[in-house]
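To keep things clear, I will list the structure first and then write my remarks on it.
2 protein chains.
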Amino acid sequence: MKMIKYPNGKVVLTKQHSPEKKQRSSASKQGIDFAKRGMSLEQELNLANQYYLARGLAVIHKKPTPINIVHVHYPKRSAAVIKEAYFQTPSTTDYNGVYQGAYLDFEAKETRLKTAFPLTNFHNHQIQHMEHVITQAGICFVIVRFTSLERTFVLDAKVVIDFWQNQKKDGRKSIPLNCFETKGFEVKASGYPTLDYLPTIHKIYFS
Amino acid sequence: MKMIKYPNGKVVLTKQHSPEKKQRSSASKQGIDFAKRGMSLEQELNLANQYYLARGLAVIHKKPTPINIVHVHYPKRSAAVIKEAYFQTPSTTDYNGVYQGAYLDFEAKETRLKTAFPLTNFHNHQIQHMEHVITQAGICFVIVRFTSLERTFVLDAKVVIDFWQNQKKDGRKSIPLNCFETKGFEVKASGYPTLDYLPTIHKIYFS
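Top to bottom, those sequences are chains S and G. Counting from 1 along the first sequence, just add 49 to a position and that's the residue number in my numbering. Counting from 1 along the second sequence, just add 49 to a position and that's the residue number in my numbering.
Structure below.
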């Protein structure tokens, strides 16, 4: 992980920032631009996970973004303030949890493209993590939304890993929509939660 | 979650800080002072988890500390710098992962006390999370180290939850060492990894 220190302690206060990465934040904005419902994939997944938790259906959480903290200030009588920190590359996928005793693990991504999902959306570490989870008999998949098409798919991680490993051989740098349609499972928009993906997971892995 | 903004953007650079909470960081220091091996429980767990991952025995990661990011600066040609952020109270336990298809979930804590482990080491949210995991048939426990005694125990989360729920009734605000000895399982120090806790988990939950 790269890290640049600012020993002069100079601060340039920029725009307000949500607790997400720059990259992901802009992806969410793209989702808001293109999806009629106005919610990003992440927001819909958070709502669904809250719903599953409240109903006792599953315990699935998004992992916090890993941060490398360099300087913290501890003012008297108020909360500690992190004054210098850097984003780290995650070594795992973003979501994991438990459903009926089984370990679930997944990554969620959006794309504005209409015909394929670029593999550059994944890190090498994330692919390795998916391989590790599969080796341990965990359930591992990706949830990909084509925002322009308003279509969301669950695709088993093994398919993603195959594409990842073959890209050096066949030069294909993306997973075609067609592959999601044939090997994946589409999650249709529903009432509440708006992205009720757990029944799809149950159908694929538990029946 | 409390949050105090500093609109003047003033920075008081304090000591170098590891990517851990103040509380946990000082707990680690206590570990270094009192444990002969010189490693904190967290360091030993990280080593063990790395070992399990490399050997294909289990996939267990510590979750990043949740941070609420308020201001990020994006300098040209270098990494984004978080300039204002605050620690959040975790809504889950710190560790989770998969072992032979099963979901594992645990919290790890150290105490310098010699006869009991104070319940104040847990948050209400963490106890609730343990209850949720058990409802979903996940494997949930705590790993507690009595640093002064150099003894480390695995204790099933159900026992912890019982103590938590009874503290209002019986006024007992800690779990006695005796309870760890009778209802828990001691993890003896070993060669490498130094805290080889997975065989203990296997013995309790898989045999």
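We treat Cβ as the ideally placed atom computed from N, Cα and C, and that holds for glycine. From a predicted model like this one, the values you see are computed outputs, not experimental measurements.
query = Start and end of the alpha helix (DSSP H) containing S/Leu247?
reply = Working through the first sequence from its first residue, we reach residue 247 of chain S at position 198. Counted as a single uninterrupted DSSP element, the alpha helix (DSSP H) harbouring S/Leu247 occupies residues Leu247 to Tyr254.
query = Can you give the Cα-Cα distance for G/Gln185 and S/Thr231, rounded to whole angstroms?
reply = As a first step, residue 185 of chain G is located in the second sequence; it is residue number 136 there, counting from the start. As a first step, residue 231 of chain S is located in the first sequence; it is residue number 182 there, counting from the start. Roughly 31 angstroms between the two C-alpha positions.
task = May I have the straight-line CA-CA distance separating G/Asp245 from G/Tyr100, to the nearest angstrom?
result = Taking the second sequence and counting its residues from 1, one reaches residue 245 of chain G at position 196. Taking the second sequence and counting its residues from 1, one reaches residue 100 of chain G at position 51. Their Cα atoms are separated by approximately 9 angstroms.
task = Note down, in chain order, all residues in the stretch 109-136 of chain G with a beta-carbon under 8 angstroms from any beta-carbon belonging to chain C.
result = The structure shown contains no chain C; the protein chains it does contain are S and G.
query = Around the Cβ of S/Phe255, are there at least 16 other Cβ atoms within 10 angstroms (buried) or fewer (exposed)?
reply = Your numbering for residue 255 of chain S matches position 206 in the first sequence. With fewer than 16 neighbouring CB atoms inside 10 Å of its own CB, S/Phe255 falls in the exposed class.
ask   = Are the CB atoms of S/Val193 and S/Thr169 nearer to each other than 8 angstroms?
value = Residue 193 of chain S sits at position 144 when you count from the first residue of the first sequence. Residue 169 of chain S sits at position 120 when you count from the first residue of the first sequence. No.
task = Could you list which residues in chain S have their beta carbon closer than 7 angstroms to that of G/Ala186, in chain order?
result = For this step, residue 186 of chain G is matched to residue 137 along the second sequence. Going along chain S in sequence order, the residues near G/Ala186 (Cβ under 7 angstroms) are Gln149 and Gly150.
request  = Measure the alpha-carbon distance for G/Leu96 versus S/Asn227 and round it to whole angstroms.
outcome  = Translated into positions along the second sequence, residue 96 of chain G becomes position 47. Translated into positions along the first sequence, residue 227 of chain S becomes position 178. Taking the straight line joining both Cα atoms gives about 43 angstroms.
request  = Pull up the distance between the alpha-carbon of S/His174 and that of G/Val191, whole angstroms please.
outcome  = Here residue 174 of chain S refers to the residue found at position 125 when the first sequence is read from its first residue. Here residue 191 of chain G refers to the residue found at position 142 when the second sequence is read from its first residue. So the alpha carbons of these two residues sit roughly 28 angstroms apart.
message = Against chain G, does S/His251 count as a neighbour if the rule is that its beta carbon must be under 8 angstroms from one of theirs?
response = Translated into the one-based positions of the first sequence, residue 251 of chain S becomes position 202. The beta-carbon of S/His251 is placed no less than 8 angstroms from the nearest beta-carbon of chain G.
key: Burial state of S/Glu199, where buried means 16 or more other Cβ atoms lie within 10 Å   = Residue 199 of chain S sits at position 150 when you count from the first residue of the first sequence. By the neighbour-count rule (16 or more Cβ atoms within 10 Å), S/Glu199 is not buried but exposed.
key: Same chain, Cβ closer than 7 angstroms to G/Ile183, five either side skipped, listed in chain order   = Along the second sequence, one-based indexing puts residue 183 of chain G at 134. Taken in chain order, the residues that qualify are Cys189, Ala206 and Lys207.
query = Along chain S, in chain order, which residues have C-beta atoms closer than 7 angstroms to that of G/Gly105?
reply = To locate residue 105 of chain G, count along the second sequence from 1; it is residue 56. Simply Thr184.
task = Determine whether the Cβ of G/His181 lies closer than 8 angstroms to any Cβ atom of chain S.
result = Counted from its first residue, the second sequence places residue 181 of chain G at position 132. Under the Cβ criterion of 8 angstroms, G/His181 is counted among the residues facing chain S.
Residues that G/Thr102 contacts on chain S, provided the C-beta gap is smaller than 7 angstroms = Counted from its first residue, the second sequence places residue 102 of chain G at position 53. The displayed chain sequence assigns Leu, not Thr, to residue 102 of chain G. Contact note: G/Leu102 reaches chain S through His181, using a C-beta cutoff of 7 angstroms and chain order.
query = S/Gln92 to G/Tyr144, Cα distance in whole Å?
reply = Indexing the first sequence from 1 puts residue 92 of chain S at position 43. Indexing the second sequence from 1 puts residue 144 of chain G at position 95. Taking the straight line joining both Cα atoms gives about 24 angstroms.
key: Beta-ladder partner(s) of S/Asp205, from DSSP   = Along the first sequence, read from residue 1 onward, the residue named residue 205 of chain S stands at position 156. Paired residue(s): S/Phe190.
query = Does S/Thr138 get closer than 8 angstroms to chain G when you measure Cβ to Cβ?
reply = Translated into positions along the first sequence, residue 138 of chain S becomes position 89. Taking CB atoms only, S/Thr138 has no neighbour in chain G less than 8 angstroms away.
ask   = If you follow the alpha helix (DSSP H) that G/Thr160 is part of, which residue opens it and which one closes it?
value = Numbered from 1 along the second sequence, position 111 holds the residue referred to as residue 160 of chain G. Membership of G/Thr160 in any alpha helix (DSSP H) is not indicated; the residue belongs instead to the beta strand (DSSP E) covering Ala151 to Thr160.
ask   = S/Tyr148: which of S/Lys158, S/Val108, S/Lys237 and S/His181 sits nearest, CA to CA?
value = The sequence position of residue 148 of chain S within the first sequence is 99, counting from 1. Considering only alpha carbons, the answer is S/Val108.
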